[in-house]
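Take a look at the structure below.
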Amino acid sequence: MNFFKEYRTGEVVALLYRLFLAYFFYQIARFLFWFYNKDLIKVDGISDYLNLAWHGIAFDTTAILYVNSLFILLSLIPVIVNTKKYYQKILFWIYFITNGIAYSLNFGDFIYFKFSQARLTIAAMHVAQHESNLLKVFGVSVMQHPFVLIWFFVLMALWVWLYKKVKVQFKKPKKLIPYFFFSIVTLCAVATLAVGGIRGDFRHSTRPINMVDANKHVKNPAQGNVVLNSTFSFIRTINSNNFRLVNFVEQQFIEENIHPYKTYQRTIKERPNIVIFIVESFGREYSGAFNQNRNIKNFVSYTPFVDSLAKESLIFPNAFANGRQSIHGMSSILAGIPTLTDAFTSSPYANQKIQSVVSISNELGYDTSFYHGAPNGSMGFQGFGNILGFQHYFGKTEYNNDEDFDGMWAIWDEPFLQYFGENIGKKQPFMSTMFTASSHHPFRVPEKYQGKFKKGNIEMHQPMQYTDWAIRQFFESVKNKPWFHNTIFVITGDHTNQVYYPEYEKTMNRYAVPILFYSPNPEYKLKGVNYELAQQMDIYPTLADLMGYNKKIRSWGRSLVSEKQYPHLIVNSDSINEQMIIGNYIYRFNGNEVVGVYAQSDLNMEKNLLGKENNSEIEKGIKLCKAWYQDYMDRVINRKLH
Numbered sequence: 089m090n091f092f093k094e095y096r097t098g099e100v101v102a103l104l105y106r107l108f109l110a111y112f113f114y115q116i117a118r119f120l121f122w123f124y125n126k127d128l129i130k131v132d133g134i135s136d137y138l139n140l141a142w143h144g145i146a147f148d149t150t151a152i153l154y155v156n157s158l159f160i161l162l163s164l165i166p167v168i169v170n171t172k173k174y175y176q177k178i179l180f181w182i183y184f185i186t187n188g189i190a191y192s193l194n195f196g197d198f199i200y201f202k203f204s205q206a207r208l209t210i211a212a213m214h215v216a217q218h219e220s221n222l223l224k225v226f227g228v229s230v231m232q233h234p235f236v237l238i239w240f241f242v243l244m245a246l247w248v249w250l251y252k253k254v255k256v257q258f259k260k261p262k263k264l265i266p267y268f269f270f271s272i273v274t275l276c277a278v279a280t281l282a283v284g285g286i287r288g289d290f291r292h293s294t295r296p297i298n299m300v301d302a303n304k305h306v307k308n309p310a311q312g313n314v315v316l317n318s319t320f321s322f323i324r325t326i327n328s329n330n331f332r333l334v335n336f337v338e339q340q341f342i343e344e345n346i347h348p349y350k351t352y353q354r355t356i357k358e359r360p361n362i363v364i365f366i367v368e369s370f371g372r373e374y375s376g377a378f379n380q381n382r383n384i385k386n387f388v389s390y391t392p393f394v395d396s397l398a399k400e401s402l403i404f405p406n407a408f409a410n411g412r413q414s415i416h417g418m419s420s421i422l423a424g425i426p427t428l429t430d431a432f433t434s435s436p437y438a439n440q441k442i443q444s445v446v447s448i449s450n451e452l453g454y455d456t457s458f459y460h461g462a463p464n465g466s467m468g469f470q471g472f473g474n475i476l477g478f479q480h481y482f483g484k485t486e487y488n489n490d491e492d493f494d495g496m497w498a499i500w501d502e503p504f505l506q507y508f509g510e511n512i513g514k515k516q517p518f519m520s521t522m523f524t525a526s527s528h529h530p531f532r533v534p535e536k537y538q539g540k541f542k543k544g545n546i547e548m549h550q551p552m553q554y555t556d557w558a559i560r561q562f563f564e565s566v567k568n569k570p571w572f573h574n575t576i577f578v579i580t581g582d583h584t585n586q587v588y589y590p591e592y593e594k595t596m597n598r599y600a601v602p603i604l605f606y607s608p609n610p611e612y613k614l615k616g617v618n619y620e621l622a623q624q625m626d627i628y629p630t631l632a633d634l635m636g637y638n639k640k641i642r643s644w645g646r647s648l649v650s651e652k653q654y655p656h657l658i659v660n661s662d663s664i665n666e667q668m669i670i671g672n673y674i675y676r677f678n679g680n681e682v683v684g685v686y687a688q689s690d691l692n693m694e695k696n697l698l699g700k701e702n703n704s705e706i707e708k709g710i711k712l713c714k715a716w717y718q719d720y721m722d723r724v725i726n727r728k729l730h
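The following block contains the structure:
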């Protein structure tokens, strides 16, 4: 019996208690995440929430074991001095430094999930690497949402207090053989359990648990974000590469149904100038012109100028973004390349020859330029702009007047748009893209305009009015320019942002952006309201058509103004699954199979029809999802985007 006295019971119990604390606090973070985002993630009562929290334990297990692997090893490794005070102090600091950093990732998502519509992934670091103002952004965020930081420190203090409640008493092993024997056995057992915990189960045939698994037990896709935790989603996407060649259908089916190449035969007298406004965070919700027939109670528009311009334009009130971040909007709008689970722009495949509205403009002899008032290189725009082939880039450096800097992101929209208007048109024809910046966190307007714009119901409403007003000032300043009459203007958003109206809380409507085409030249016939489904990817082929580019266009989008109509196939991703609207249905695809089919009107994806409703359209739609995905992977990986 003396042999068993050397089993390290106190240390094992303390270890289990300390790991239990991690589970406990992850559940608190999960609840707070849902509480801060309950308007975006609908939960039907306590039992529904508890079901999500229960399934979240598997994802917490993976995160906790990853983060605490060193702590677990040092807690169990037989070095005899484990129970000494200094050794336990070392364990204390390792535990709280690693867990504190990992735990904090969840608190950032309390606020930024509203903007990104997805849990934190490594993609955030790809964007952050281009920014030099991260500490300032963090400081402003804390000032705007102090309770998030308070919650973090209060919970960490409680965690420390509870940790110290169970202490390891000093015990010197008297018999080393049983001491080492039991230590090794315990280590092997824990290592085996840890492997299973990190993978999600012990079955050899099952791949490690991943973000898509969060949707197995939810009523609607948004609830998958409650099942997940930000530590898991961040760790799981480090060095991840979801780009892989697949073979679901014959190539002939792709050519006949996906139409990766399109041609338009428009005859034009004179090539139009092109101006593309990619308006930061311009969700469709903010503009009255795009919500005329939605019967939204007490609706208020925050874009009076865009509303007035829409009356003289061709607008698409049922349009969607193809990505979740600014750089995703750039690739979708200018090159027709959407963002799926992993972003193309941060992948190893981004640096390749890409046919885009920029490349065809260069081919047609246009002068091409890109404007963004942030420090050069911000958001990755300059690098991707070089890949696309812009001849000129104008940023904060070229503007050369820091008095107009907003102190956080970029030159204020009003002065930078005036600079834009003064510069363009010196050579014709020209194609120029303006990426605005002011309608963005931290949701401010210039000091001299305080009180000019109404506050609205959410933080986005005031800066959105400022940007709309700045665009009005731009049009006023250029309307008499000699190039103005023969110019086609496009206005759209890069992605959505804060939501106020319940209509836009729906899952698909979180990608709802406006698309507007305007030209003072009546020859282009850009007037009216078109209620067909549209997307950012359609802008590039539409402009190529209007510019009279009659060669093949590599595009998954389609011209929205051609008599030659290709069927719509709307694509975006919530970073867990791809989402496609084809015909009368919405499909969710996990890279291998369709996991959800919903009526097109079911924008919140509440009633999964998969296996419940079978017809030829759904059968073909599932095949089209796989065919499109296969073609996307083939063209990206095999560098066939030209």
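Each residue of the sequence shown is one higher than the one before, counting from 89 in this note's numbering. Just so you know, even glycine gets a beta-carbon here, dropped at the ideal spot from N, CA and C. For clarity, every value in this text was computed on a predicted model and none was experimentally measured.
Review point. For Ile55, does the three-state DSSP call read helix, strand or coil?
Key: The requested residue 55 does not occur in the structure, where the chain is confined to residues 89 to 730.
Exercise for review: State yes or no: is the C-beta of Thr391 within less than 8 Å of the C-beta of Met552?
Suggested key: Taking the sequence shown and counting its residues from 1, one reaches residue 391 at position 303. Taking the sequence shown and counting its residues from 1, one reaches residue 552 at position 464. Against a cut-off of 8 Å, the Cβ pair of Met552 and Thr391 comes out as a contact.
Exercise for review: Mind listing, in chain order, the continuous alpha helix (DSSP H) runs of no fewer than 4 residues lying wholly within the stretch 518-604?
Suggested key: Within the stretch 518-604, the complete alpha helix (DSSP H) segments of 4 residues or longer fall at 549-566, listed in chain order.
Practice item. Only counting runs of 3 or more residues, tell me where the beta strand (DSSP E) segments fall wholly within the stretch 399-458, in order along the chain. Key: Segments of the beta strand (DSSP E) lying fully in the stretch 399-458: 402-404.
Check your understanding: What three-state label does DSSP hand Leu162 in the structure shown?
Key -> Here residue 162 is taken as the residue at index 74 of the sequence shown, counted from 1. Reduced to three states, the DSSP call for Leu162 is helix.
Exercise for review: Apply the 10 Å Cβ neighbour rule to His583 and answer buried if 16 or more other Cβ atoms are within range, or exposed otherwise.
Suggested key: As a first step, residue 583 is located in the sequence shown; it is residue number 495 there, counting from the start. With 16 or more neighbouring CB atoms inside 10 Å of its own CB, His583 falls in the buried class.
Exercise for review: Please state if the CB of Thr150 and the CB of Phe365 are separated by a distance shorter than 8 Å.
Suggested key: Along the sequence shown, one-based indexing puts residue 365 at 277. Along the sequence shown, one-based indexing puts residue 150 at 62. Between Phe365 and Thr150, the C-beta gap is not smaller than 8 Å, which leaves the two residues out of contact.
**Study point:** Cβ neighbour criterion (16 or more within 10 Å) applied to Ser135
**Key:** By one-based count along the sequence shown, residue 135 stands at place 47. Under a 10 Å Cβ-count criterion, Ser135 is classified as exposed, with fewer than 16 other Cβ atoms of the shown protein chains found around its own Cβ.
**Study point:** Extent of the continuous alpha helix (DSSP H) to which Leu333 belongs
**Key:** Taking the first residue of the sequence shown as position 1, residue 333 is located at position 245. Element bounds for Leu333: n/a, residue is neither H nor E.
Point to revise | DSSP-derived helix/strand/coil call for Leu140 | key: Locating residue 140 in the sequence shown gives position 52, counting from the first residue. Residue state, collapsed to three classes: helix.
**Study point:** Under 8 Å between C-beta atoms of Thr427 and His416
**Key:** The sequence position of residue 427 within the sequence shown is 339, counting from 1. The sequence position of residue 416 within the sequence shown is 328, counting from 1. Contact flag set, yes.
Check your understanding: If we call anything under 8 Å between Cβ atoms a contact, is Leu109 one with Trp247?
Key -> The sequence position of residue 109 within the sequence shown is 21, counting from 1. The sequence position of residue 247 within the sequence shown is 159, counting from 1. It is a contact, given that the beta carbons lie within the stated cut-off.
Check your understanding: Comparing alpha-carbon positions, which option in Ile475, Glu343 and Ala498 lies nearest Glu486?
Key -> On the sequence shown, position 398 is the one that residue 486 refers to. Nearest C-alpha to Glu486: Ala498.
**Study point:** Integer-rounded CB distance, given that Gln688 should sit under 8 Å from Arg676
**Key:** Position 588 of the sequence shown, counted from the first residue, corresponds to residue 676. Position 600 of the sequence shown, counted from the first residue, corresponds to residue 688. With a beta-carbon spacing of about 13 Å, Arg676 and Gln688 fall beyond the 8 Å limit used to define contacts.
Check your understanding: Count the other CB atoms within 10 Å of the CB of Pro234; is the residue buried (16 or more) or exposed (fewer)?
Key -> Translated into positions along the sequence shown, residue 234 becomes position 146. Pro234 is exposed by the Cβ-count criterion.
Exercise for review: Measure the C-alpha to C-alpha separation of Tyr154 and Ile189 and round it to an integer number of angstroms.
Suggested key: Counting from 1 along the sequence shown, the entry for residue 154 is found at position 66. Counting from 1 along the sequence shown, the entry for residue 189 is found at position 101. Each residue's Cα considered, the two are about 13 Å apart.
Point to revise | Thr456 to Ile152 span [Cα, whole Å] | key: For the purposes of this step, residue 456 is taken as the residue at position 368 of the sequence shown. For the purposes of this step, residue 152 is taken as the residue at position 64 of the sequence shown. C-alpha of Thr456 to C-alpha of Ile152: approximately 50 Å in a straight line.
Exercise for review: Pull up the DSSP beta-bridge partners for Ile185, would you.
Suggested key: Within the sequence shown, residue 185 is the residue found at index 97, counting from 1. Note: Ile185 sits in no beta bridge, so no partner.
Review point. Nearest-angstrom Cα distance between Thr209 and Leu316?
Key: Numbered from its first residue, the sequence shown carries residue 209 at position 121. Numbered from its first residue, the sequence shown carries residue 316 at position 228. CA-CA distance, Thr209 to Leu316, rounds to 12 Å.
**Study point:** Residues bridged to Ile710 [DSSP beta-bridge criterion]
**Key:** As a working note, residue 710 is residue 622 in the sequence shown. None, per the DSSP bridge assignment.
Review point. Under three-state DSSP, which class holds Arg354?
Key: Here the question's residue 354 lines up with position 266 in the sequence shown. Arg354 carries a coil assignment under DSSP once its states are collapsed to helix, strand and coil.
Check your understanding: The beta strand (DSSP E) spanning Glu666 covers which residue range?
Key -> Along the sequence shown, one-based indexing puts residue 666 at 578. Boundaries of the beta strand (DSSP E) around Glu666: Glu666 to Ile670.
Check your understanding: With a CB to CB cut of under 7 Å and the five nearest residues on each side skipped, what residues in its chain are close to Val533?
Key -> Position 445 of the sequence shown, counting from 1, holds the residue named residue 533. Closer than 7 Å at the Cβ level, and outside the excluded window around Val533, lie Phe541, Gln550, Pro551 and Tyr554.
Review point. Do the CB positions of Leu505 and Asn597 come within less than 8 Å of each other?
Key: For this step, residue 505 is matched to residue 417 along the sequence shown. For this step, residue 597 is matched to residue 509 along the sequence shown. Not a contact, by the Cβ cut-off of 8 Å.
Point to revise | Coarse secondary structure for Ile384, derived from DSSP in three states | key: The residue you call residue 384 lines up with position 296 of the sequence shown. Three-state result, Ile384: coil.
**Study point:** Start and end residues, beta strand (DSSP E) containing Tyr686
**Key:** Within the sequence shown, residue 686 is the residue found at index 598, counting from 1. Val682 to Ala687 is the span of the beta strand (DSSP E), which, as asked, contains Tyr686.
Review point. Exposed or buried, what is Phe378 when buried is set at 16 or more other beta-carbons lying within 10 Å of its beta-carbon?
Key: Taking the sequence shown and counting its residues from 1, one reaches residue 378 at position 290. So Phe378 counts as buried.
Point to revise | Host beta strand (DSSP E) of Tyr481 (start-end) | key: Residue 481 sits at position 393 when you count from the first residue of the sequence shown. Annotation for Tyr481: the continuous beta strand (DSSP E) segment containing it runs His480 to Phe482.
Review point. Among residues of its own chain, excluding the 5 on either side of Ala146, which ones have a beta-carbon nearer than 7 Å to its beta-carbon?
Key: Here the question's residue 146 lines up with position 58 in the sequence shown. Excluding the 5 residues flanking it on each side, Ala146 has same chain C-beta neighbours closer than 7 Å at Gly288 and Ile297, in chain order.
Review point. Can the beta-carbon of Met496 be found closer than 8 Å to that of Phe508?
Key: Here the question's residue 496 lines up with position 408 in the sequence shown. Here the question's residue 508 lines up with position 420 in the sequence shown. No. Outside cutoff.
Point to revise | Coil, strand or helix - Asn660 by DSSP | key: Mapped onto the sequence shown, residue 660 falls at position 572. Residue state for Asn660 is assigned as strand, using DSSP reduced to three classes.
Check your understanding: Is it buried or exposed for Tyr673, if we count other Cβ within 10 angstroms and need 16 for buried?
Key -> Within the sequence shown, numbered from 1, the residue matching residue 673 stands at position 585. With 16 or more other Cβ atoms within 10 Å, it is buried.
Practice item. Consult DSSP for His292 and reduce its assignment to one of helix, strand or coil. Key: Within the sequence shown, numbered from 1, the residue matching residue 292 stands at position 204. Because His292 carries a pLDDT of 45, less than 50, the predicted location of this residue cannot be relied on, and no value is offered for it.
Review point. Are the Cβ atoms of Tyr606 and Glu368 separated by less than 8 Å?
Key: Taking the sequence shown and counting its residues from 1, one reaches residue 606 at position 518. Taking the sequence shown and counting its residues from 1, one reaches residue 368 at position 280. No. Outside cutoff.
**Study point:** Rounded straight-line distance, which links the Cα of Asp301 to that of Ser293
**Key:** Counting from 1 along the sequence shown, the entry for residue 293 is found at position 205. Counting from 1 along the sequence shown, the entry for residue 301 is found at position 213. Model confidence at Ser293 stands at a pLDDT of 39, short of 50, so the residue's coordinates are unreliable; what they give is reported in the following sentence. Their Cα atoms are separated by approximately 15 Å.
**Study point:** Pairwise C-alpha distance: Ile160 and Val283
**Key:** On the sequence shown, position 195 is the one that residue 283 refers to. On the sequence shown, position 72 is the one that residue 160 refers to. Rounded to the nearest angstrom, the two C-alpha atoms are 13 Å apart.
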